[in-house]
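Engineer: A single structure is presented below for examination.
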Amino acid sequence: MKLSFSPFRGVGLAALALFALSLAACTSTRPLSEGAVPLAVYGAEGVIEVAPVRLTHEKLYPGAGGVRHGGVRSLVTEEDPGDLATNAETQLLIYSLDRPDLRIIGRIAEGLYRIVGRKSHGISGAASLKGKRIATMTDSSSGYFLHRLLESEGLSFDDVELVDLRPFSAITDALIEGKVDAISIWEPHSENAIRALKEDAVIIESDLYREQFNLNTTAEVLANPDKRAALVTFVRSLIIDTETMNGAPAAAQEMVARAGGYAREEVAAAWPHHRFDFTFPDAMLDILEREEVWLAGLQRRAPRPRGELASLIDRSIYDEARDRPR
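Here the sequence shown stands for residues -24 to -1, 1 to 302, numbered as in mature numbering (1 follows the signal peptide of the UniProt record, and there is no 0).
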């Protein structure tokens, strides 16, 4: 059973394809020269959205060990902090409270989330979630998606029983084992639950929220001339590699499967629930501002003003990579 509040509206890739071809013609993305130090790049092992970053890292830094396991938090560790990290925008908001020098420098992908529930547990649509046990990671993008969906029905977290579980796979297992009624989590965990539940699965989709899976760095890295040049090279290659991957995703899917301990078929089945397009959406600040209100409520603090949130966004690397000054 599948309930969709609004179909995903895709966009044509022709313009991006033309841009990628022209960029490839004029931009060098050769492997790192001998003696140069690669950027320290972090991304969670089990997250599909990291796929194009893995491709770019392997192309530019062959033999450098690949993308390291981590996220935005890896940029702010005292010992060996990273230069680049991937994560959903929610985590940037969380960690920037103590580290306002964090910066979003582009969006890697959108995650198209769904709620998966059990028909046998009375789940039939968003309104039926009231009073149900729902497993998620509350202060994450999946928790925010659940919040937005409940909000659309006049409900809140107070109207459901939240079950906050770690690791990701525990959320899927809880639904399969009947310990919860529904789950809100990213891929491939939602897809795995659907396949396991078969006819008992209820899928609730909505375009109220799409995860903004971003590439992040720090003001210190941006101010370092050598690292800044490396960032521009990385982003230029990432734009091209993303377009190439969209046309032939098998290699990227295999890399994700290896990193996350999945079968490639798992990754391929969940692949359509992502939109890969390295860009910088004009609405990024609006998205952060709305999420900040929600996050501040969870943390029982006042939301940061729009001007403070604006300082977390730096599109200069993206514009330079596209040779498009603003």
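Backbone N, C-alpha and C define an ideal beta-carbon position, used for all residues, glycine too. Since this is a predicted model, take the numbers as computed values, not measurements.
For a test of the three-state rule: what should DSSP assign to arginine 90, helix, strand or coil?
Structural biologist: As a working mapping, residue 90 is identified with position 114 in the sequence shown. Of the three classes helix, strand and coil, the one that applies to arginine 90 here is strand, per DSSP.
Engineer: Answer with buried or exposed for alanine 278, where buried requires no fewer than 16 other C-beta atoms within 10 angstroms of its C-beta.
Structural biologist: Here residue 278 refers to the residue found at position 302 of the sequence shown. Exposed, since its Cβ has fewer than 16 Cβ neighbours within 10 Å.
Engineer: State the DSSP-derived secondary structure class of glycine 273, mapped to helix, strand or coil.
Structural biologist: Locating residue 273 in the sequence shown gives position 297, counting from the first residue. Residue state, collapsed to three classes: helix.
Engineer: Excluding sequence positions up to five away, which residues of its chain have a Cβ less than 7 angstroms from the Cβ of leucine 285?
Structural biologist: In the sequence shown, counting from the first residue as 1, residue 285 sits at position 309. Contacts found: Leu261, Leu264, Glu265 and Glu268.
Engineer: Starting from alanine 111, trace the beta strand (DSSP E) in both directions and tell me its first and last residue.
Structural biologist: Numbered from its first residue, the sequence shown carries residue 111 at position 135. Element bounds for alanine 111: 109 to 112.
Engineer: Can you name the residues that DSSP bridges to leucine 60?
Structural biologist: Sequence index remark: in the sequence shown, residue 60 carries index 84 (1-based). Looking at the DSSP assignment, leucine 60 forms a beta bridge with Val17.
Engineer: Which of helix, strand or coil does DSSP assign to glycine 283?
Structural biologist: Taking the first residue of the sequence shown as position 1, residue 283 is located at position 307. In the structure shown, glycine 283 sits in a helix (DSSP, three-state: H, G or I).
Engineer: Hey, residue 327 and phenylalanine 252: beta-carbon distance below 7 angstroms or not?
Structural biologist: The displayed coordinates of the chain run from -24 to 302. Any statement about residue 327 would go beyond what the structure contains.
Engineer: Return the first residue and the last residue of the beta strand (DSSP E) that alanine 158 is part of.
Structural biologist: For this step, residue 158 is matched to residue 182 along the sequence shown. Where alanine 158 is concerned, the enclosing beta strand (DSSP E) stretches over 158 to 160.
Engineer: Of the choices Ala150, Val178, Leu173 and Met113, whose alpha-carbon is the least far from that of serine 100?
Structural biologist: Mapped onto the sequence shown, residue 100 falls at position 124. Residue Val178 is the option with its Cα nearest to serine 100.
Engineer: Thinking leucine 68 and valine 48 are a contact (beta carbons under 8 angstroms), I'd like their distance in whole angstroms, please.
Structural biologist: Translated into the one-based positions of the sequence shown, residue 68 becomes position 92. Translated into the one-based positions of the sequence shown, residue 48 becomes position 72. Yes, they are in contact, since the Cβ atoms of leucine 68 and valine 48 sit about 5 angstroms apart, within 8 angstroms.
Engineer: Please classify histidine 33: is it buried, with 16 or more other beta-carbons within 10 angstroms of its beta-carbon, or exposed?
Structural biologist: The residue given as residue 33 occupies position 57 in the sequence shown. The residue in question, histidine 33, is buried, as its Cβ has 16 or more Cβ neighbours within 10 Å.
Engineer: Look up aspartate 77 in the DSSP assignment and say whether it is helix, strand or coil.
Structural biologist: Along the sequence shown, one-based indexing puts residue 77 at 101. Aspartate 77: coil per DSSP, three-state reduction.
Engineer: Closer than 6 angstroms by C-beta to isoleucine 91: which residues in its own chain qualify, once you throw out the five before and the five after it? Chain order, please.
Structural biologist: The residue you call residue 91 lines up with position 115 of the sequence shown. Taken in chain order, the residues that qualify are Ala158, Ser160 and Ile180.
Engineer: Measure the CB-CB distance between alanine 199 and aspartate 77 and report whether it falls below 7 angstroms.
Structural biologist: Indexing the sequence shown from 1 puts residue 199 at position 223. Indexing the sequence shown from 1 puts residue 77 at position 101. For alanine 199 and aspartate 77, no; Cβs fall outside 7 angstroms.
Engineer: Is the region 234 to 251 in contact with the region 11 to 28, if contact means three or more CB pairs nearer than 8 angstroms?
Structural biologist: Touching, per the Cβ criterion.
Engineer: Report the residue from Glu65, Thr112 and Arg234 whose alpha carbon sits nearest the alpha carbon of valine 43.
Structural biologist: Within the sequence shown, numbered from 1, the residue matching residue 43 stands at position 67. Per the Cα distances, Arg234.
Engineer: Can you find the residues in the same chain that come closer than 8 angstroms, C-beta to C-beta, to histidine 97, ignoring five residues on each side of it along the sequence?
Structural biologist: Stepping through the sequence shown from its first residue, residue 97 is reached at position 121. Counting only Cβ-Cβ distances below 8 angstroms, and skipping sequence neighbours, we find Lys108, Gly154, Asp157 and Ala158.
Engineer: Have a look at Ala40, Arg204, Asp59 and Arg124 and flag the residue whose alpha-carbon is nearest the alpha-carbon of tyrosine 18.
Structural biologist: To locate residue 18, count along the sequence shown from 1; it is residue 42. Cα-wise, what sits closest to tyrosine 18 is Asp59.
Engineer: Which residue comes first and which comes last in the alpha helix (DSSP H) that contains valine 211?
Structural biologist: As a first step, residue 211 is located in the sequence shown; it is residue number 235 there, counting from the start. Its alpha helix (DSSP H) spans residues 201 to 223.
Engineer: Assign aspartate 299 to one of three DSSP states: helix, strand, or coil.
Structural biologist: Within the sequence shown, residue 299 is the residue found at index 323, counting from 1. Here aspartate 299 sits in coil by DSSP.
Engineer: Could you compute how far the alpha carbon of leucine 134 sits from the alpha carbon of alanine 227?
Structural biologist: For this step, residue 134 is matched to residue 158 along the sequence shown. For this step, residue 227 is matched to residue 251 along the sequence shown. The question names leucine, yet the displayed sequence has aspartate at residue 134. One C-alpha to the other measures close to 43 angstroms.
Engineer: Which residue's Cα is closest to the Cα of asparagine 63: Lys174, Asn192 and Pro57?
Structural biologist: Within the sequence shown, the letter at position 87 stands for residue 63. It is Asn192.
Engineer: Which of helix, strand or coil does DSSP assign to glutamate 241?
Structural biologist: Position 265 of the sequence shown, counted from the first residue, corresponds to residue 241. Here glutamate 241 sits in helix by DSSP.
Engineer: Under the rule that 16 or more other beta-carbon atoms within 10 Å means buried, what is threonine 66, buried or exposed?
Structural biologist: Locating residue 66 in the sequence shown gives position 90, where the first residue counts as 1. It counts as buried.
Engineer: If we ignore side chains and look at the alpha-carbon of each, how far apart do isoleucine 289 and isoleucine 80 end up?
Structural biologist: Taking the first residue of the sequence shown as 1, we reach residue 289 at position 313. Taking the first residue of the sequence shown as 1, we reach residue 80 at position 104. In a straight line, the C-alpha of isoleucine 289 is about 5 angstroms away from that of isoleucine 80.
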